[in-house]
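Residue numbers (the working numbering): 406 to 712. One structure below.
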Amino acid sequence: MKKENGKGDELMASNYIRFDWAMKRLLRNKANFAVLEGFLTTLLNEKIVIQKLLESESNQEDEFDKYNRVDMLAENSKGELILIEVQNNNEYAYFQRMLFGTSKLVTEYINRGEGYDKVRKVYSVNIVYFSLGSGKDIVYHGKTEFRGIHQGDVLELTPFQKQTFKVDSVSQLYPEYYILKVNDFNQVARSPLEEWIYYMNTGDIPDGATAPGLDEARQRLKLDKMTKEELSAYYRHLDNIVILRDNIYTERAEGRAEGHAEGRAEGLMEGRMEEKREMARNMKSLNIPLDTISQVTGLSIEEIKSL
């Protein structure tokens with residue numbers, strides 16, 4: 406298994422399948438739900454039972470998507486929606502992407518004519534392998550609350566609303582967001598959630614790890630259970646990720662160097678543009694349609710053709 410040391414190009418032996426590949430190929434099987442249920446139980450701090458998986462429009466099967474992004478939409482036993490997304494590639498507008506994804510789910514999963522009391526709770530779980538925003542923690546939780554601008558008090562539900570909706574606070578009615586900045590974890594795992602993050606970061610599961618779902622992962626996500634063809638595809642997936650991250654690392658370094666020479670603002674802008682061009686080149690090499698490349702990178706079709 407490959408472990409990133411800044412540039413993402415070092416190798417580290419592991420007996421287990423990387424989490425994003427497992428989500429794409431293995432965890433969609435009902436027999437393997439226990440792995441994902443264990444992770445969600447650890448993260449949300451409540452027992453999660455996956456009732457079924459739902460089709461997510463953004464879950465595509467093209468080659469670029471296999472190493473850039475993968476997502477899964479689950480419904481738990483309470484009828485709540487849980488969107489889990491793994492993102493390998495740096496995306497500066499990822500916060501807005503999270504908002505769009507949850508908003509879309511809220512509107513998609515309510516039938517026309519139903520009352521607003523039928524709006525479903527949405528959890529957005531985002532596992533990112535890049536530096537998102539600026540912060541010191543590795544796990545962030547976002548929720549909605551209404552606070553008085555004069556008294557500073559939090560707006561609460563009435564007893565009738567609590568009984569009707571079966572929740573204790575207004576924030577429980579709104580989407581909640583979780584961000585796991587996996588690459589920033591570089592310490593010994595001291596809690597069940599950190600054990601999961603360690604596995605997501607390194608692809609390894611320590612013998613002493615006891616977090617819910619990891620024992621099932623040990624049994625079901627072993628490399629030696631894959632066929633020769635599956636292993637070949639899996640290693641191509643790892644190679645693509647290493648190339649992707651190495652390109653990003655190199656382009657950022659070039660952007661910083663150019664910024665020092667010609668002005669920081671200009672250098673950063675050029676670095677971002679070159680990152681988009683390199684991404685477009687990689688996608689072209691995979692024979693991805695030009696209009697799809699244009700949507701992902703923001704480059705015009707004419708610019709892409711000239712690369």
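Glycine is no exception: its CB is placed at the ideal position from the N, C-alpha and C atoms.
Paired residues, beta bridge with residue i - DSSP
{"i": "D522", "result": "Beta-bridge pairing links D522 to no other residue."}
{"i": "I455", "result": "N481"}
{"i": "N531", "result": "E490 and I584"}
{"i": "Y421", "result": "K627"}
{"i": "R552", "result": "V559"}
{"i": "D723", "result": "No answer is possible for residue 723: the residues shown for the chain start at 406 and end at 712."}
Spatial distance of residue i from residue j (CA atoms)
{"i": "G518", "j": "V524", "result": "12 Å"}
{"i": "N420", "j": "I602", "result": "17 Å"}
{"i": "S574", "j": "D558", "result": "13 Å"}
{"i": "I706", "j": "M678", "result": "15 Å"}
{"i": "I453", "j": "L712", "result": "47 Å"}
{"i": "E460", "j": "Y514", "result": "12 Å"}
{"i": "R682", "j": "V701", "result": "11 Å"}
{"i": "L619", "j": "E708", "result": "46 Å"}
{"i": "A614", "j": "E600", "result": "6 Å"}
{"i": "L448", "j": "L598", "result": "6 Å"}
{"i": "L626", "j": "F565", "result": "46 Å"}
{"i": "N450", "j": "K483", "result": "15 Å"}
{"i": "E635", "j": "G538", "result": "35 Å"}
{"i": "A427", "j": "L585", "result": "17 Å"}
{"i": "T563", "j": "H642", "result": "51 Å"}
{"i": "L431", "j": "N645", "result": "20 Å"}
{"i": "L478", "j": "E490", "result": "9 Å"}
{"i": "K571", "j": "L445", "result": "21 Å"}
{"i": "K710", "j": "I422", "result": "36 Å"}
{"i": "K526", "j": "V511", "result": "8 Å"}
{"i": "T569", "j": "K509", "result": "25 Å"}
{"i": "E680", "j": "V440", "result": "35 Å"}
Chain-order list of residues whose beta-carbon lies under 7 Å from that of residue i (same chain, five-residue window excluded)
{"i": "T697", "result": "none"}
{"i": "V503", "result": "Residue identity differs from the one stated: residue 503 is Met in this sequence, not Val. Closer than 7 Å at the Cβ level, and outside the excluded window around M503, lie S529, N531 and Y582."}
{"i": "N481", "result": "I453, V454, I455, Q456 and I487"}
{"i": "K471", "result": "Interpretation of K471 is limited by its pLDDT of 47, a score under 50 that renders its predicted location unreliable; the figure taken from the coordinates is listed afterwards. Here the set comprises K429 and H642."}
{"i": "F505", "result": "none"}
N- and C-terminal bounds of the beta strand (DSSP E) containing residue i
{"i": "Q492", "result": "L486 to Q492"}
{"i": "G506", "result": "Where G506 is concerned, there is no enclosing beta strand (DSSP E), although the alpha helix (DSSP H) it sits in stretches over Y499 to E513."}
{"i": "G387", "result": "What the structure shows of the chain is the stretch from 406 to 712, and residue 387 is not part of that stretch, so it cannot be assessed."}
Sequence-distant residues of its chain with Cβ nearer than 6 Å to residue i (five each side left out)
{"i": "N464", "result": "The predicted position of N464 is uncertain, since its pLDDT is 45 and thus under 50; no value can be drawn from it."}
{"i": "D612", "result": "none"}
{"i": "R474", "result": "Q492"}
{"i": "A594", "result": "E600 and Y603"}
Residue interval of the alpha helix (DSSP H) (run including residue i)
{"i": "Q566", "result": "P564 to F570"}
{"i": "Y603", "result": "P597 to T607"}
{"i": "A622", "result": "L619 to R625"}
{"i": "A439", "result": "F438 to L449"}
{"i": "Q592", "result": "No alpha helix (DSSP H) contains Q592, which DSSP labels as neither H nor E."}
{"i": "G710", "result": "The sequence given here places Lys at residue 710; Gly does not occur at that position. From DSSP, the alpha helix (DSSP H) with K710 extends over I706 to S711."}
{"i": "V575", "result": "That residue, V575, is in no alpha helix (DSSP H); it is neither H nor E in DSSP."}
{"i": "D696", "result": "L695 to T702"}
Beta-carbon proximity list for residue i, same chain, < 8 Å, skipping 5 on both sides
{"i": "L560", "result": "E550, F551, R552, G553 and V575"}
{"i": "V587", "result": "I532, V533, Y534, I543, I602, M605 and N606"}
{"i": "T632", "result": "none"}
Is it the case that the region 549-558 contacts the region 479-499, given that we only count it when at least three CB pairs across the two stretches are under 8 Å? No, the region 479-499 does not touch the region 549-558.
When you compare the region 479-495 with the region 527-539, are there three or more beta-carbon pairs, one atom per stretch, that lie closer than 8 Å? Counting Cβ pairs under 8 Å, three or more are found: they touch.
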